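For reference, the structure is listed below as structure tokens.
Below is the structure:
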């Protein structure tokens, strides 16, 4: 990291902190040179870090299989949990996921809320497709 200090005068405590940091840096560099270590920046996705903090946020949002076949009454496979969701249940499912998305957003769990939003949009597309199929078939 980097520290920016604003002061007109370097106090004794500031000097001791700077000297200690320099001593530790020199010792670390000597160790790295002796053992042939080349320091590299860690690159982790935010979701990897969140998995350690809040595992429920990184759990997949239940999704339907993308290319499922519809049954006679517009039954759609729920995918992750192997449940069936009928076209009549889609509005309730969308409402429940919308509420969960709003709660996640209020709790500052934005990535989870975004995944819920994407699933809600997919369910709404599915709902429009089913309505269109019923209109054509009627």
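Residue numbers (the numbering used here): 82 to 219.
For glycine and all other residues, C-beta sits at the position ideal for the given N, C-alpha and C.
From a predicted model like this one, the values you see are computed outputs, not experimental measurements.
* To do: Determine contact between the segment 196 to 216 and the segment 167 to 185, defined as no fewer than three beta-carbon pairs at a distance below 8 Å.
  => yes
* CA-CA distance, residue 99 and residue 114? -> 22 Å
* Asked: To the nearest angstrom, how far is it from the Cα of residue 192 to the Cα of residue 206?
  -> 21 Å
* From residue 160 to residue 167, what does the alpha carbon distance come to, in whole angstroms? -> Model confidence at residue 160 stands at a pLDDT of 38, short of 50, so the residue's coordinates are unreliable; what they give is reported in the following sentence. Going by the C-alpha atoms only, they are around 13 Å apart.
* Could you spell out the range, first to last residue, of the alpha helix (DSSP H) harbouring residue 183? => 171 to 187
* How is residue 100 classed by DSSP in three states: helix, strand or coil? -> helix
* According to DSSP, is residue 213 helix, strand or coil? -> Residue 213 sits in a helix when the DSSP states are folded into three classes.
* Give every residue of the same chain whose Cβ lies closer than 7 Å to the Cβ of residue 84, excluding the five residues on either side of it in the sequence, and list them in chain order. => none
* Around the Cβ of residue 211, are there at least 16 other Cβ atoms within 10 angstroms (buried) or fewer (exposed)? -> Answer is buried; the Cβ neighbour count reaches 16.
* Apply the 10 Å Cβ neighbour rule to residue 86 and answer buried if 16 or more other Cβ atoms are within range, or exposed otherwise. => It counts as exposed.
* **Spatial neighbours of residue 95 in its chain, beta-carbon cut-off 8 Å, leaving aside the 5 residues before and after** => 86 and 88
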